[in-house]
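Position one of the sequence shown corresponds to residue 1 (full-length UniProt numbering), numbered consecutively onward. We treat Cβ as the ideally placed atom computed from N, Cα and C, and that holds for glycine. All of these numbers come straight from a predicted model, not from anything done at the bench.
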Amino acid sequence: MPHGVRDAARVSTKPSISGPQPWGCPSLTRDPDPHLLLPGDSTSTRTGPGYGSETTGHTELEAELEGIQQQLQHYQTTKQNLWSCQRQANSLRRWLELSQEEPSCEDLHLEEQVKTELEEVELQIQQLAKELEAQRQPVGTCIARVRALRRALC
1 MPHGVRDAAR VSTKPSISGP QPWGCPSLTR DPDPHLLLPG DSTSTRTGPG
51 YGSETTGHTE LEAELEGIQQ QLQHYQTTKQ NLWSCQRQAN SLRRWLELSQ
101 EEPSCEDLHL EEQVKTELEE VELQIQQLAK ELEAQRQPVG TCIARVRALR
151 RALC
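Here you go:
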């Protein structure tokens, strides 16, 4: 087997962030405020029911944006892992093609190893593709939330 083939196929599918990640946009997994954040809300000194202190609103917004950032980073990491696995699978397929053009007795054992490795990488590709598909709608929701916040703040 070509040197590094086995190592390169062992791409981690785990996110770079620790702890369980929600599949929904953080602001939408709790009871959302009935209105979007409006200009002045984060610096408002309003009081009364429905209005928190300036610090609370700012902290909640920071926490929401941090959760969105983590979710988007996880999505991007998963996407990069998928691309890496796809490149690895292509390399393994190419190696198999070349080894079959000039077969040798020594290559038979290596071919079996490469075929096994290719099957493992293809399974990993399927898992990563499913994970990306599951994340697609929640990530879209988060992007829409960020756009709404931008419109409200500008």
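| Asked | Found |
| --- | --- |
| PRO138, buried or exposed, once every other Cβ within 10 Å from all chains shown has been counted against 16 | buried |
| Continuous alpha helix (DSSP H) stretch holding PRO138: start and end | 105-153 |
| Cβ shell of ALA134 (< 6 Å), same chain only, five flanking positions each side left out | none |
| Short Cβ contact (8 Å threshold) for CYS142 with LEU72 | yes |
| LEU118 beta carbon less than 8 Å from that of LEU92 | yes |
| LEU153 Cβ short of 7 Å to the ligand GTP heavy atom set | Ligands in the displayed structure: none, and consequently the ligand GTP is not present. |
| GLU101 - DSSP class collapsed to helix/strand/coil | helix |
| Cβ-Cβ distance between ASN81 and LEU123 below 8 Å | no |
| GLY57 versus GLY140: straight-line alpha-carbon distance, rounded | 24 Å |
| Outcome for GLN126 when other beta-carbon atoms lying within 10 angstroms are tallied against a minimum of 16 | exposed |
| Exposure label - ALA63; buried when at least 16 CB within 10 Å | exposed |
| Beta-carbon spacing of LEU96, VAL114 below 8 Å | yes |
| For THR116 and CYS105, the rounded distance between their alpha carbons | 18 Å |
| Alpha carbon of ALA152 to alpha carbon of ARG87, nearest angstrom | 42 Å |
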